[in-house]
Amino acid sequence: MQKILSKPESLKDSVMSYCPGCGHGIIHRLVAECIDELNLREKTIAVAPVGCAVFAYDYFNFDVTEAPHGRPPAVATGIKRTNPDKFVFTYQGDGDIAAIGMAETIHAANRGENITTIFVNNANYGMTGGQMAPTTLIGQKTETSPFGRDPKRDGYPIHLCELLSSLEGTAYLERVSIYNPQNIIKAKKAIKKAFQCQIDGKGFSLVEIISNCPVDWGMTPLESIKWTEETFLKEFSLGVIKDKTNV
Amino acid sequence: MYNEIIIAGFGGQGVLLAGTLVAQAAIEQDLHTTWFPSYGAEMRGGTANSTVVVSTDEIGSPLAFNPNALIALNEPSLNKFMPRMTEKSVIIANSSIIAQGTEYKIKPYFVPVTEIADKEIKNVKTANLVAVGALIKALEINCPADNKSDICELEKRVLTLKSALTACEKAFSSKPELVEINKKAIQAGYDYIK
Amino acid sequence: MKILMKGNIALCEGAVAAGIDAYFGYPITPQNEVPAYFSKKMVELNKVFVQAESEIAAANMVLGAAATGKRTMTSTSSPGMSLKQEAISYMAALQLPALIVNVQRGGPGLGNISGSQADYFQAVKGGGHGDYRLIVLAPNSAQEMYEFAYDSFDLAEKYRIPVLILTDGMIGQMMEPVELNKTPKKDFIEKDWALTACKGREPRSIKSLLMRDGVLEKHNINLQEKYKLISQNEVQYETYNTDNAEIIVIAYGISSRIAKSAVKLARQEGIKAGLLRPKTLWPFPSEIIKSLAKDGTKLLVAELSHGQMVEDVRLAVNGKVPVEFIGKAGGGVLSEQDLLNKIKNLK
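Residue numbers (our numbering), protein chains in the order written: chain A, 462 to 708; chain B, 3 to 196; chain C, 9 to 355.
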């Protein structure tokens, strides 16, 4: 019998702790496939966040370190600067990257650190039980915005890719989603391109992945996919925000 | 032997460098020495200073509680440190910018170091070393051969014209073009006091 | 040959001789000589210098470099030290060797930029969250800034623990003759825990989130066993004239120099005074202090604070002899005369 699909070598044979219908599992697999296809596994040192993906080191089958909340870009800077021959990426959520760690994100990007960031945007803080995130939509109800996000009190959703695009040090910024197979294929292409950007020494690359969080959104997985397509993506339009990889 | 020397003035008058010259001369004689600067915000405003301690024994505090020599390159510095001076202290005051009319607890040697640096040495930045030269001569005058006080021990072992000129060579070893002009400045200060 | 050098620069020279791979820092007075030095030196050595966007980022860059087994350090002064505590707690938990330097200034808050010793509690009791210790070294001269920085990396790696050099603005800013007498270190042994990418071996992870029943408890017990070992092996102190002393001054860092001068002055006046100087603040030299606390002896602790190390001295003697205190905080130092007067009053 011919085996046509198997688990990527870059994923361990472990049970993931993600909620039913959550996008992290898909994104982990895409990352692992790209690492395998680019033959990077034995060169990789990754940085796990604080947030839903905090256990990433239990799932990825390569070297991974923990970082304090929001600090992966600084930790990755320390790793990559002292190990320029290694492949270094961070895996972060919206609270990690765009709230508590915004300074680290902006400055790593601005220094043009030759690292890659996988940014999973699911519009809320999943791990802690669904509180408001910097990317929570206007009017979206969360644990800490029970009447809906009010810009007068809470400000506006942050568009990180657009924010970073003005920085000279960023080489490749793309926003993708994984709510259907077509977009999953696109997401994988973006991740691979971002990784290649680092291999080619072009500077900071980031892929923002619009993902779903059915449990904390209070939806079934199917409803969460529908909400992503009809509402979430109205605020965060998909596409390449910046591409200097051919320069 | 235990001596505390303060060199003070406006930032940019070279008070830190002049202090290191004294400390360097002390190292050449295998003595214990510390140099301590005023730093940070203190230097952005009025006065900057450096304190040099030279001793035959280990040094505790690098600060000067009982200084026995002072170079004051401006008036605020002279006023600031005058209360700590004793009858044994030797003081050089920059009369180019300090009025000589005021009554001081201890009478300084007034030396127009800025003018000497500007007119004789043709480099106003050497005023600090003109003052060091003047201090050496003033100590020499105050220290006859039989005087065994701490400050006179310092005068004999560290603050001689010869050792200052040698320390000057070391201090400017990375900028050889400045060695001669600074040696000239030390000599000019030394020669001013009769 | 002795070279006239600032304490802060001597510290840098020691780290370079120890084979430092990377320095990460942020400007703050009175330690600015350190990042300035490395910004030049590391380029010459083809090694890493990054001026981070914050104290927090600098400490986390150290965490990253340390996780890959590199010799790395950061330096700061008191307000910056508060910001670094997050990463320090993580590094303690992750058992990452690194050097952290606090050139203390006056606090609390923004305070001032004078030398101070008011961060003792933060340094030795665990300034961040959780149950952890750092090895804390307290140099009292430019020479020791050089030597302690040189030794700190070996010590950190031996126990897989961050080492903190707790010094102050006076020691950092002061120039003294320094003998650069250490042999440059190289050819380090490979670390079997470091993240070097998994070529030819199983993947490694470095983590402190231990959620399964009993795992964190076990981790904490392991840490405590390590700390016990360090306490047994790594205590360093200096005694001066303590043998027949009736009054023993206990002081570290800049205060210990002034204390030594005051002890000498007291001896000249016929007072049997002595000095104990902890060189390691953690592990603390409790045993020697206990043994010095004989009946009839008085202990006097001198610090540039309103009394922090004095608490550890009191714990060590456990009420056996009186422990007096003299301190000054917020700028400047105790004078030798201040200390001598206090010694005389105790007589």
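C-beta: ideal position from N, C-alpha, C; glycine also.
Owing to the predicted nature of the structure, the values given are computational and were not obtained by experimental measurement.
Name the chain A residues that come within less than 7 Å of residue i, Cβ to Cβ?
i	result
proline 1 of chain C	The requested residue 1 of chain C is not part of the displayed model; chain C covers only 9 to 355.
tyrosine 376 of chain C	The structure shown does not extend to residue 376 of chain C, since chain C is modelled only from 9 to 355, so the question has no answer here.
Please report the residue range of the beta strand (DSSP E) in which residue i lies.
i	result
arginine 502 of chain A	From DSSP, arginine 502 of chain A is part of no beta strand (DSSP E); its letter is neither H nor E.
threonine 175 of chain C	170 to 176
methionine 13 of chain C	10 to 14
lysine 328 of chain C	Lysine 328 of chain C -> no beta strand (DSSP E), and no H or E assigned at all.
threonine 49 of chain B	49 to 57
methionine 89 of chain C	Unbroken run through methionine 89 of chain C is the alpha helix (DSSP H), 86 to 102; no beta strand (DSSP E).
tryptophan 37 of chain B	34 to 39
Inspect the beta-carbon positions of residue i and residue j and report whether they are closer than 7 Å.
i	j	result
alanine 564 of chain A	serine 62 of chain C	yes
glycine 335 of chain C	glycine 315 of chain C	yes
isoleucine 258 of chain C	leucine 284 of chain C	yes
isoleucine 671 of chain A	phenylalanine 697 of chain A	yes
leucine 354 of chain C	alanine 270 of chain C	no
proline 510 of chain A	glycine 554 of chain A	yes
threonine 578 of chain A	leucine 472 of chain A	no
alanine 267 of chain C	isoleucine 351 of chain C	no
glutamate 527 of chain A	lysine 234 of chain C	no
alanine 73 of chain C	threonine 543 of chain A	yes
aspartate 524 of chain A	arginine 212 of chain C	yes
alanine 95 of chain B	phenylalanine 112 of chain B	yes
isoleucine 561 of chain A	phenylalanine 580 of chain A	no
tyrosine 192 of chain B	isoleucine 138 of chain B	yes
tyrosine 520 of chain A	histidine 489 of chain A	yes
serine 263 of chain C	leucine 300 of chain C	no
isoleucine 238 of chain C	tyrosine 128 of chain C	no
serine 83 of chain C	valine 51 of chain C	no
isoleucine 121 of chain C	proline 192 of chain C	no
glutamate 210 of chain C	lysine 10 of chain C	no
Taking Cβ-Cβ distances shorter than 7 Å, what residues in chain C pair up with residue i?
i	result
isoleucine 29 of chain B	Lys10, Leu12 and Pro185
lysine 547 of chain A	Ala205
isoleucine 506 of chain A	Thr76, Leu203 and Ala205
leucine 167 of chain B	Here the premise fails: no neighbours, minimum Cβ distance about 17 Å.
glutamate 503 of chain A	Ala205, Cys206 and Lys207
Give me the chain C residues within the contact set of residue i, using Cβ-Cβ distance strictly less than 9 Å, ordered along the chain.
i	result
threonine 22 of chain B	Leu12 and Met183
threonine 35 of chain B	Leu12, Met183, Glu184 and Pro185
alanine 564 of chain A	Glu61, Ser62, Ile64 and Ala65
alanine 560 of chain A	Under the 9 Å cutoff, chain C gives no residues; its nearest Cβ is about 14 Å from alanine 560 of chain A.
histidine 568 of chain A	Ala60, Glu61, Ser62 and Ala65
tyrosine 67 of chain B	As written in the sequence, residue 67 of chain B is phenylalanine, which differs from the tyrosine given in the question. Within chain C, the residues near phenylalanine 67 of chain B are Ser343, Glu344 and Gln345.
Under 8 Å between beta-carbons, which chain C residues line up against residue i? List them in chain order, please.
i	result
isoleucine 540 of chain A	Gly72, Ala73, Ala75, Thr76 and Leu203
phenylalanine 38 of chain B	Met178, Gln181, Met182 and Met183
glycine 62 of chain B	Arg265, Ile266, Ala267, Lys268, Ser269, Ala270 and Glu344
glutamate 83 of chain B	It should be pointed out that residue 83 of chain B corresponds to phenylalanine in this sequence rather than to glutamate. Here the premise fails: no neighbours, minimum Cβ distance about 15 Å.
alanine 25 of chain B	Leu12 and Met183
proline 510 of chain A	Simply none; closest approach about 11 Å.
Under 6 Å Cβ to Cβ from residue i, same chain only, skipping five residues before and after it: list those, please.
i	result
serine 47 of chain C	Phe57
valine 549 of chain A	Ile506, Ala537, Ile540, Lys541 and Ile576
glutamate 277 of chain C	none
glutamine 244 of chain C	Lys287 and Thr288
leucine 142 of chain C	Pro170 and Leu172
valine 132 of chain B	Val115, Ile118, Ala119, Ala187, Ala190 and Gly191
List the residues of chain A that residue i touches, going by C-beta distances under 9 Å, in chain order.
i	result
valine 58 of chain C	Thr538, Gly539, Arg542 and Arg572
Specify, as a first and last residue, the run of the alpha helix (DSSP H) that residue i falls within.
i	result
isoleucine 652 of chain A	642 to 660
glycine 135 of chain B	129 to 144
threonine 250 of chain C	Premise fails: threonine 250 of chain C is in no alpha helix (DSSP H) and is neither H nor E.
tyrosine 194 of chain B	181 to 194
Spatial neighbours of residue i within its chain, please: CB distance less than 8 Å, with the 5 preceding and 5 following residues excluded, ordered by chain position.
i	result
asparagine 68 of chain B	Glu6, Arg86 and Thr88
serine 685 of chain A	Gly482, Asn673, Cys674, Pro675 and Trp678
serine 343 of chain C	Ile266
Please list, in chain order, all residues of the same chain as residue i whose beta carbon is under 7 Å from its beta carbon, the five residues on each side excluded.
i	result
cysteine 495 of chain A	Lys649, Ile652, Lys653 and Phe656
methionine 3 of chain B	Ser57, Thr58, Asp152, Glu155 and Leu156
leucine 231 of chain C	Tyr140
tyrosine 194 of chain B	Val113, Ile118 and Ala136
valine 325 of chain C	Ile297, Lys298, Ala301, Leu307 and Val331
Just to confirm, does residue i get its C-beta within under 6 Å of one of the non-hydrogen atoms of the ligand ADP?
i	result
isoleucine 73 of chain B	The ligand ADP is not part of this structure, which contains no ligands at all.
Residues of chain A with CB under 8 Å from residue i, in chain order?
i	result
aspartate 29 of chain C	Thr543
Three CB pairs or more closer than 8 Å across the segment 174 to 181 of chain C and the segment 149 to 157 of chain C: Counting Cβ pairs under 8 Å, three or more are found: they touch.
Stretch pair the segment 157 to 166 of chain C + the segment 173 to 185 of chain B: three plus CB contacts closer than 8 Å: The segment 157 to 166 of chain C, when compared against the segment 173 to 185 of chain B, does not touch it at the 8 Å Cβ threshold.
Under 8 Å: do the segment 99 to 106 of chain B and the segment 155 to 169 of chain B share three or more Cβ pairs, one atom per stretch? By the Cβ criterion, the segment 99 to 106 of chain B is not in contact with the segment 155 to 169 of chain B, since fewer than three pairs of Cβ atoms, one from each stretch, lie closer than 8 Å.
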